[in-house]
Amino acid sequence: MGDYRKLGVWDKAHKLTLHIYQVTKGFPKDEVYGLTSQIRRSAMSVPSNLAEGSGRGSDGELIRFAHIAAGSAHELDYQILLSYH
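The sequence shown begins at 3 in this note's numbering and counts up by one.
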């Protein structure tokens, strides 16, 4: 498929992940193995799945992994919402 780093959506997801890592540094220490870890994993899953799908060699695989990445983005959305309460 090509270089995943040229995908605009991957670039945005990568920047979001870097931002998430910075923000979660300020989370309470008792959340290191809970919400902090889960938020980071969800954030990292988005660009990781886009990269994997891009490396699979077909449009169909990229689409399939893009759907998985979208699911991770929704999961992250909820976890961020939860972190505010």
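All C-beta atoms, glycine included, are put in the ideal place defined by N, C-alpha and C.
Check this for me: beta carbons of residue i and residue j, under 8 angstroms apart or not?
{"i": "Gly55", "j": "Arg43", "result": "no"}
{"i": "Leu52", "j": "Val25", "result": "no"}
{"i": "Phe29", "j": "Thr38", "result": "yes"}
Have a look at residue i and residue j and give me their C-alpha separation to the nearest angstrom.
{"i": "Gln1", "j": "Ala72", "result": "Because residue 1 is not part of the residues shown, which for the chain are 3 to 87, the question remains open."}
{"i": "Asp79", "j": "Ser60", "result": "29 angstroms"}
{"i": "Val34", "j": "Lys17", "result": "21 angstroms"}
{"i": "Tyr6", "j": "Lys27", "result": "28 angstroms"}
{"i": "Leu64", "j": "Ser74", "result": "15 angstroms"}
{"i": "Tyr86", "j": "His76", "result": "16 angstroms"}
Check your understanding: Considering only residues of the segment 18-79, which uninterrupted beta strand (DSSP E) runs meet the minimum length of 3 residues and lie entirely inside it, listed in chain order?
Key -> Along the segment 18-79, the beta strand (DSSP E) does not occur as any fully enclosed run of 3 or more residues.
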